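All remarks here apply to the structure that follows.
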Amino acid sequence: MAIYLNDVSRTFGEYLLIPGLTTKLCVPSNVSLRTPLVKHKAGEMPAFRLNIPFVSAIMQSVSGPELAIELARNGGISFIFGSQPIESQAEMVRKVKKFKSGFVVSDSNLTPEHRLADVLELIRKTGHSTIGVTDDGSPNGKLLGLVTSRDFRVEKDDLSMKVKYFMTPFDKLHTGKAGVTLTEANQVIWEHKLNTLPIIDGERNLLYFVFRKDYDNHRENPYELSGDDKTLLTGAGINTRDYKDRVPALIEAGADVLCIDSSDGYSEWQRETLLWIREQYGEGVRVGAGNVVDRDGFEYLADAGADFVKVGIGGGSICITREQKGIGRGQATALIDVARARDEYLERTGIYIPICSDGGLVHDYHMVLALAMGANFLMMGRYFARFDESPTKRLRIGNNYVKEYWGEGSNRAQNWQRYDMGGSEALKFEEGVDSYVPYAGKMKDNLSITLGKIKATMCSCGAITIDELQRLAKITLVSSTGIVEGGAHDVMLKEQT
Ligand code: MZP
Numbered sequence: 395m396a397i398y399l400n401d402v403s404r405t406f407g408e409y410l411l412i413p414g415l416t417t418k419l420c421v422p423s424n425v426s427l428r429t430p431l432v433k434h435k436a437g438e439m440p441a442f443r444l445n446i447p448f449v450s451a452i453m454q455s456v457s458g459p460e461l462a463i464e465l466a467r468n469g470g471i472s473f474i475f476g477s478q479p480i481e482s483q484a485e486m487v488r489k490v491k492k493f494k495s496g497f498v499v500s501d502s503n504l505t506p507e508h509r510l511a512d513v514l515e516l517i518r519k520t521g522h523s524t525i526g527v528t529d530d531g532s533p534n535g536k537l538l539g540l541v542t543s544r545d546f547r548v549e550k551d552d553l554s555m556k557v558k559y560f561m562t563p564f565d566k567l568h569t570g571k572a573g574v575t576l577t578e579a580n581q582v583i584w585e586h587k588l589n590t591l592p593i594i595d596g597e598r599n600l601l602y603f604v605f606r607k608d609y610d611n612h613r614e615n616p617y618e619l620s621g622d623d624k625t626l627l628t629g630a631g632i633n634t635r636d637y638k639d640r641v642p643a644l645i646e647a648g649a650d651v652l653c654i655d656s657s658d659g660y661s662e663w664q665r666e667t668l669l670w671i672r673e674q675y676g677e678g679v680r681v682g683a684g685n686v687v688d689r690d691g692f693e694y695l696a697d698a699g700a701d702f703v704k705v706g707i708g709g710g711s712i713c714i715t716r717e718q719k720g721i722g723r724g725q726a727t728a729l730i731d732v733a734r735a736r737d738e739y740l741e742r743t744g745i746y747i748p749i750c751s752d753g754g755l756v757h758d759y760h761m762v763l764a765l766a767m768g769a770n771f772l773m774m775g776r777y778f779a780r781f782d783e784s785p786t787k788r789l790r791i792g793n794n795y796v797k798e799y800w801g802e803g804s805n806r807a808q809n810w811q812r813y814d815m816g817g818s819e820a821l822k823f824e825e826g827v828d829s830y831v832p833y834a835g836k837m838k839d840n841l842s843i844t845l846g847k848i849k850a851t852m853c854s855c856g857a858i859t860i861d862e863l864q865r866l867a868k869i870t871l872v873s874s875t876g877i878v879e880g881g882a883h884d885v886m887l888k889e890q891t
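Residue numbers (my numbering): 395 to 891.
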């Protein structure tokens with residue numbers, strides 16, 4: 395006979411936090427959101443910690459290099475999506491690792507043999523009006539000159555004119571040497587009234603541009619998540635099919651943490667993948683696994699060597715797995731079950747394995763509930779997809795701006811490895827949808843509001859760390875009428891009258 399779990403499968407919207415004593419120490423400026431990312435022995439420091447408990451979903455429409463850079467600069471980490479060829483994923487990882495605040499790898503480059511028509515086409519495509527002229531047209535080729543809008547007149551010049559005849563040649567350029575600091579580079583820009591300073595290495599290869607206009611954008615970021623070598627940290631998604639090729643390429647590219655991306659991670663394929671990584675790299679490569687929704691799944695992946703475990707099946711905003719396959723569990727119930735298993739595992743083994751609540755976080759208060767229920771960090775797709783930095787297009791629909799957001803299990807993403815059921819049979823049905831989300835502007839502005847709310851709630855609960863929140867939180871279930879009471883009710887809202 396089947397096993398029946400009699401507890402109702404619940405989600406975040408059904409719970410509220412009851413305030414605890416707010417001491418005078420409990421002010422938002424005292425709150426630390428630092429949290430462990432990977433497994434560690436009790437009482438020891440984990441190899442990786444996050445400065446804010448947010449990670450971005452392993453999705454095409456979310457975690458590209460631009461978002462990864464911005465999230466790491468704000469204290470979280472992205473997992474660059476794995477549903478792409480190995481080399482292009484590795485290239486995205488490299489892009490994050492190469493990022494230096496204020497130093498931009500040139501994305502518009504041509505050779506001296508290109509023509510004015512190519513210049514115009516490139517400007518149209520990238521929207522950038524500074525073009526590096528290198529011997530091979532690559533971002534890091536030997537620098538031969540620079541083209542900006544001051545070097546040509548579209549109305550008068552012949553479109554077939556070669557770049558070498560109108561570029562500003564190398565010997566007329568001011569350049570900075572590798573290793574120059576941002577302050578020094580800006581000093582040169584200021585002294586010589588430049589718009590751009592190319593930075594080159596000893597062989598004259600172009601490394602970066604420093605732009606005058608970026609000057610104000612690069613104030614210190616107190617939460618920035620970087621390693622000992624000062625590069626930003628980044629994660630990357632892997633799957634249980636091509637890991638023997640993908641993992642070495644990602645490690646070579648500089649990925650700091652990996653995560654097996656699967657909608658249902660309680661499988662022998664995940665175990666095999668984890669064991670292979672341990673065999674090859676020992677503890678030197680950190681890898682999360684999942685997703686699971688109960689104690690059994692957690693313990694299986696913990697025993698197989700996972701560095702963290704992701705929790706959540708079917709709760710994602712773009713997910714239709716529950717409708718299609720009838721598997722899943724209310725996200726709050728799943729999290730509470732796995733958090734208990736994590737704590738008991740710690741008692742038994744002395745090893746702490748962080749857990750990540752993945753998917754279904756809609757309101758900011760859901761985030762603080764998830765942390766209170768035991769999540770060490772939160773993975774979000776929809777939240778990040780709305781920002782300027784996500785890789786998708788911003789569109790105008792009627793009077794609203796939106797961004798595209800599609801599931802990894804949709805026909806558009808074609809990420810069938812994530813839904814792999816083994817064997818050679820191709821997937822027959824979709825588990826995700828293609829959608830729009832409301833455009834919300836810059837990540838930094840949104841994060842400051844969300845984190846502000848989380849800190850305020852923690853103070854109400856008498857906690858200034860996530861660990862304290864998890865120990866002190868009093869959580870209550872709410873009835874459906876109680877939920878109605880929680881919103882504005884029995885008044886006529888001015889904006890609707
Ligand atoms: P959300 O933050 O948009 O609610 O959920 C994001 C999470 O949904 C991802 O991290 C992933 O676990 C899951 N996901 C991604 N694609 C699909 C799908 O196509 C999906 N079904 O469920």
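Virtual Cβ for every residue (Gly too), placed ideally from N, Cα, C. These numbers come from a predicted model, not from an experiment.
Query                                                                                                   : Result
Whole-Å CB distance - V651 paired with R672, under 8 Å assumed                                          : Wrong, their Cβ atoms sit about 15 Å apart, outside the cutoff.
Neighbourhood of Y343 by C-beta, 7 Å cutoff - its chain only, sequence neighbours within 5 removed      : Nothing about residue 343 can be read from this structure; the chain reaches only from 395 to 891.
Cβ-heavy atom distance, I446 to ligand 1, below 8 Å                                                     : no
Identity of the residues DSSP links to C420 by a beta bridge                                            : DSSP, once it has assigned bridges, lists no residue as partnering C420.
Length of the line joining the Cα atoms of T562 and G573                                                : 24 Å
Reduced DSSP secondary structure (H/G/I, E/B, other) of C855                                            : coil
Segment contact, 8 Å Cβ cut-off, at least three pairs: the region 587–600 with the region 527–546       : yes
Nearest to E507 (by Cα), restricted to the options M774, T528, T524, W584                               : T528
Integer Cβ distance of M852 from V449, believed to fall under 8 Å                                       : Their Cβ separation, rounded to whole angstroms, is 19 Å, which puts M852 and V449 out of contact at 8 Å.
Terminal residues of the alpha helix (DSSP H) in which A579 lies                                        : 576–585
Same chain only: Cβ atoms within 6 Å of H612, ignoring 5 sequence neighbours per side                   : Confidence is the limiting factor: at H612 the pLDDT is only 48, short of 50, which leaves the residue's position unreliable, though a coordinate-based value still follows. Once the five neighbours on either side are set aside, the close Cβ partners of H612 are S495, G496.
Beta-bridge pairing of W800 - partner residues as DSSP gives them                                       : D828
M439 (DSSP reduced to helix, strand or coil)                                                            : coil
Segments assigned beta strand (DSSP E), at least 3 residues, entirely inside the region 623–699         : 629–632, 651–654, 680–686
Y799 beta carbon near ligand 1 (any heavy atom closer than 8 Å)                                         : yes
Supposed close pair F771, L461 - CB separation, criterion 8 Å                                           : Not confirmed; about 16 Å, so no contact.
6 Å Cβ shell around M773 - same chain, five flanking residues per side excluded                         : V449, A451, C750, D752
Check whether N809 and Q454 have beta carbons under 9 Å apart                                           : yes
8 Å CB neighbourhood of F560 in its chain, flanking five on each side removed                           : L510, V541, D545, F546, D551
G659 beta carbon less than 9 Å from that of G709                                                        : no
Bridge-paired residues (DSSP) for H434                                                                  : Y746
C-beta atoms of N633 and S656 nearer than 9 Å                                                           : yes
Selected residue, minimal CA-CA separation from V854, among C420, I397, G684, A396                      : The residue asked about is misnamed: residue 854 is Ser in this sequence, not Val. Out of C420, I397, G684, A396, C420 has the C-alpha closest to the C-alpha of S854.
Cβ pair L866, G414 closer than 9 Å                                                                      : yes
Helix, strand or coil at M938 according to DSSP, with G and I counted as helix                          : Outside the displayed range of the chain (395 to 891) lies residue 938, so it cannot be described from this structure.
Distance cut-off 8 Å: A807 Cβ against heavy atoms of ligand 1                                           : yes
Inter-residue Cα distance where the pair is F692 and K418                                               : 38 Å
Contacting residues, own chain, Cβ-Cβ under 7 Å from T859 (five flanking each side not counted)         : S426
Backbone CA spacing between L567 and P459 [nearest angstrom]                                            : 30 Å
Whole runs of the beta strand (DSSP E) within the region 540–573, excluding any shorter than 3 residues : none
Nearest-angstrom Cβ-Cβ length linking R788 and P832, presumed shorter than 8 Å                          : No, R788 and P832 are not in contact; Cβ-Cβ is about 11 Å, not under 8 Å.
First and last residue of the uninterrupted beta strand (DSSP E) at F605                                : 600–605
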